[in-house]
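Take a look at the structure below.
Residue numbers (the working numbering), protein chains in the order written: chain A, 3 to 498; chain B, 115 to 318.
The structure is reproduced here in structure tokens:
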């Protein structure tokens, strides 16, 4: 009845390695207990690095496996590269935090590995079922991670809130998937795309479009795009800080990669329908990210609103509907990764003698007490705000350039307000600069209120230093060259 | 003849026990009626030739889910009369929602039908029952074509297990656990001592 050929495992070798690795680490943890947390964390980082090389060396040409449910190409490999880098750095950054909080538990790095596995599957999904499986594996791990400090009321609240809303969004996504399956007769992305392309004289059934919008809503929740962003500030604030650092980067990259594939493979011919949705989410996210962050006093909440805004900018690249737009999105995500990981390395260094602090006012006078950290954080803030010579400016530059190019190239066909999107986006980035610069002002011009304790390990300082250096040196062709080239190839591999 | 008899027997008991689930005053009785309803639905599935679903219904629903219900009902001290107090207050709104749902169901039922290529192009054809049993057909798909999703589902369940342990398991002090190694390694002099008791004095 069915072909019993053994599936080609090579395209999924990275995922298989991660799965086996997670099981082995779990065994080590189960026998050695919580005192082996540091060892397991290091092994997890090693595992991610090996997986990274496996995924990058693989997939020069698109290859499908497991009955076309799984795809590996240049786009997936660059996205997985970013996800793995973000996860590995999150593990490294968490080491000292949990040691200092005396909450070391060996499950933490293992859950991170499993979440990363889920994200890799999301990125490689070529079937609605694979999409859902990856998304659930990632989400379930993240719910647990959010509530990881179970004795802290804020952390458990964050976990519960994230779980309830996440379950709701999964339901919405599933509902959309079932509609799409019902009206196209397949869950395979390629087949759905063909069915829609050959829809006939009456056009595609309205049920497919409704299903697509539901799927979009479900994914928009995962990337916390407005109007599905409500959970983000509370969860970011309540979750343990290394978990927040992880939340802010890796899941967003994975979910955006998934969104790109869903929009460009199965729903490519419905672009006229989804562009409006993306333009609206993008606009609303940019504006809300810029406005709502102004009143925040907690730096983790600030970063939550900041990430909502940045998702808005990344979506601009999607709205452009061109190779340049996808390339802009990839570049944006890479730079976003460096900026956010760097900023969270700074936030994780905000430790006083009596514990962690996370108010912006606690940073007062940092330039006098810890000039190195203040300089690095200032670079990150300037970059997040998009001040020209730094990388953050170029991230915005590429997405806005792409969207304006699309709008200029065919003004008649794409009347979705792409020009307005670009203008409002640029205005929002100016408004958003206020709160980033406010942090810099507090650090450099306010009198010091207290001193942070010195970090015992150099991990965070190294991450800060390398991150800031990358952002400053972005204009050097040695730094931006590989990224720009690879992003272009990745984008081209998706849109043929 | 026997088929029809069996059908009406199972169907009647299913419906009656389903009504009893919501009608009985004692929640433990409700759960027991639920189990009865499940068993009879399993019988209906067997009549339809879906023996796999029938077995799943008995094993998963009766064996795990309802037993869990029973645990919850018996362990938690819930005052059911207190819960029923708002019944009359919400009767109107609840009834309205019920009527709306009923109307929607009726509309769906009247407009039912699959169109176009969905009928002619199903994702996976089902083999004839004479060639292959349900269970075999499911297995041969699950472990070949959908093996990736099957393994992913396993990872998700693993995460659920790790998560449950991470969030709830605590090491309590003073819990006595069996340690076989310690038991075996115990020497005689640790186990007992010989006390000379003088007659008429006791141990004091």
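Using N, Cα and C, we set each Cβ at its ideal position, and we do this for glycine too.
These numbers were taken from a predicted model, which means no experiment stands behind them.
Once you ignore the five residues that flank residue i on each side, which residues in its own chain have a CB closer than 8 Å to its CB?
i	result
residue 480 (chain A)	none
residue 420 (chain A)	281, 321, 322, 405, 406, 408 and 409
residue 352 (chain A)	301, 358, 359, 360, 364, 365 and 454
residue 367 (chain A)	445, 448, 449, 450 and 451
residue 395 (chain A)	385, 388 and 389
residue 145 (chain A)	161, 164, 165 and 168
residue 305 (chain A)	238, 246, 250, 342, 345, 346 and 349
Starting from the Cα of residue i, find the closest Cα among the options and give me that residue.
i	options	result
residue 273 (chain A)	A:484, A:363 and A:218	A:218
residue 149 (chain B)	B:139, B:285 and B:132	B:132
residue 290 (chain A)	A:271, A:305, A:311 and A:303	A:311
residue 457 (chain A)	A:183, A:354 and A:143	A:354
residue 469 (chain A)	A:422, A:206, A:342 and A:370	A:342
residue 440 (chain A)	A:174, A:292 and A:207	A:292
residue 20 (chain A)	A:228, A:116 and A:335	A:116
residue 197 (chain B)	B:250, B:257, B:170 and B:140	B:140
residue 174 (chain A)	A:216, A:119 and A:308	A:216
Residue range of the alpha helix (DSSP H) that residue i falls in?
i	result
residue 90 (chain A)	76-103
residue 226 (chain A)	Taken as a continuous stretch (DSSP letters only), residue 226 (chain A) belongs to no alpha helix (DSSP H), as it is neither H nor E.
residue 277 (chain A)	273-294
residue 117 (chain B)	116-137
residue 143 (chain A)	130-148
residue 65 (chain A)	From DSSP, residue 65 (chain A) is part of no alpha helix (DSSP H) but of the beta strand (DSSP E) over 65-67.
residue 375 (chain A)	373-387
residue 432 (chain A)	420-447
residue 204 (chain B)	201-224
residue 451 (chain A)	Per DSSP, residue 451 (chain A) belongs to no alpha helix (DSSP H) and is neither H nor E.
Taking 9 Å as the threshold (beta carbon to beta carbon), is residue i in contact with chain B?
i	result
residue 146 (chain A)	yes
residue 9 (chain A)	yes
residue 4 (chain A)	Its pLDDT being 46, under 50, residue 4 (chain A) is placed unreliably in this model, and the value from its coordinates should be taken loosely. It does: the Cβ of residue 4 (chain A) has a partner Cβ on chain B nearer than 9 Å.
residue 16 (chain A)	no
residue 28 (chain A)	yes
residue 559 (chain A)	Only positions 3 to 498 of chain A appear in this structure, which leaves residue 559 (chain A) out of reach.
residue 55 (chain A)	no
residue 150 (chain A)	yes
Against chain A, with Cβ distances strictly below 9 Å, would residue i count as a contact?
i	result
residue 269 (chain B)	yes
residue 259 (chain B)	yes
residue 249 (chain B)	no
residue 281 (chain B)	yes
residue 272 (chain B)	yes
residue 288 (chain B)	no
residue 121 (chain B)	no
Could you spell out where the beta strand (DSSP E) holding residue i opens and where it closes?
i	result
residue 154 (chain A)	Where residue 154 (chain A) is concerned, there is no enclosing beta strand (DSSP E), given that its DSSP letter is neither H nor E.
residue 495 (chain A)	Per DSSP, residue 495 (chain A) belongs to no beta strand (DSSP E); it is in the alpha helix (DSSP H), 479-496.
residue 260 (chain B)	Counting along the chain, residue 260 (chain B) falls outside any beta strand (DSSP E), and DSSP gives it neither H nor E.
residue 189 (chain A)	Looking at the DSSP string, residue 189 (chain A) is not in any beta strand (DSSP E), and its letter there is neither H nor E.
Return the chain-ordered list of same chain residues with a C-beta closer than 7 Å to the C-beta of residue i, the five sequence neighbours on each side being excluded.
i	result
residue 3 (chain A)	For residue 3 (chain A), the pLDDT reaches just 41, beneath the cut-off of 50, and the residue's location in the model is therefore unreliable, although a value from the coordinates is still provided. No residues qualify anywhere along the chain.
residue 270 (chain A)	195
residue 138 (chain A)	172
residue 10 (chain A)	67
residue 482 (chain A)	476
residue 372 (chain A)	454
residue 73 (chain A)	64, 66, 126 and 128
Identify, in the order they occur along the chain, each residue of the same chain with its Cβ nearer than 6 Å to the Cβ of residue i, setting aside the five sequence neighbours on each side.
i	result
residue 442 (chain A)	380 and 383
residue 167 (chain B)	159
residue 393 (chain A)	337, 385, 473 and 476
residue 221 (chain B)	none
residue 127 (chain A)	133 and 136
residue 197 (chain A)	186
residue 249 (chain B)	166
Any 3 or more C-beta pairs closer than 8 Å across the region 137-154 of chain A and the region 237-252 of chain A: The region 137-154 of chain A vs the region 237-252 of chain A: in contact.
Three or more C-beta pairs below 8 Å linking the region 132-143 of chain A and the region 49-64 of chain A: Result no; under three Cβ-Cβ pairs closer than 8 Å.
Cβ contact check for the region 276-290 of chain A and the region 301-318 of chain A: 3 or more pairs under 8 Å: Contact between the region 276-290 of chain A and the region 301-318 of chain A is present, because at least three Cβ pairs lie under 8 Å.
Stretch-stretch touch, CB-based, cutoff 8 Å, three pairs: the region 419-433 of chain A with the region 446-464 of chain A: Counting C-beta pairs with one atom in each stretch, the region 419-433 of chain A and the region 446-464 of chain A have fewer than three that are closer than 8 Å, which means they do not touch.
Contact between the region 291-300 of chain A and the region 429-442 of chain A (3+ Cβ pairs under 8 Å): Between the region 291-300 of chain A and the region 429-442 of chain A, the count of Cβ pairs shorter than 8 Å is three or higher; the stretches touch.
Segment contact, 8 Å Cβ cut-off, at least three pairs: the region 95-115 of chain A with the region 35-55 of chain A: Yes, the region 95-115 of chain A touches the region 35-55 of chain A.
Meets three-Cβ-pair contact criterion under 8 Å: the region 487-494 of chain A and the region 75-83 of chain A: The region 487-494 of chain A makes contact with the region 75-83 of chain A, as at least three CB pairs between them are under 8 Å.
Stretch-stretch touch, CB-based, cutoff 8 Å, three pairs: the region 65-77 of chain A with the region 251-265 of chain B: Three or more Cβ pairs closer than 8 Å define a contact, and the region 65-77 of chain A meets that threshold against the region 251-265 of chain B.
Three or more C-beta pairs below 8 Å linking the region 85-95 of chain A and the region 42-50 of chain A: With a cut-off of 8 Å, the region 42-50 of chain A and the region 85-95 of chain A count as touching, because enough Cβ pairs lie within range.
Sufficient close CB pairs (3 or more, under 8 Å) joining the region 200-213 of chain A to the region 182-190 of chain A: The region 200-213 of chain A makes contact with the region 182-190 of chain A, as at least three CB pairs between them are under 8 Å.
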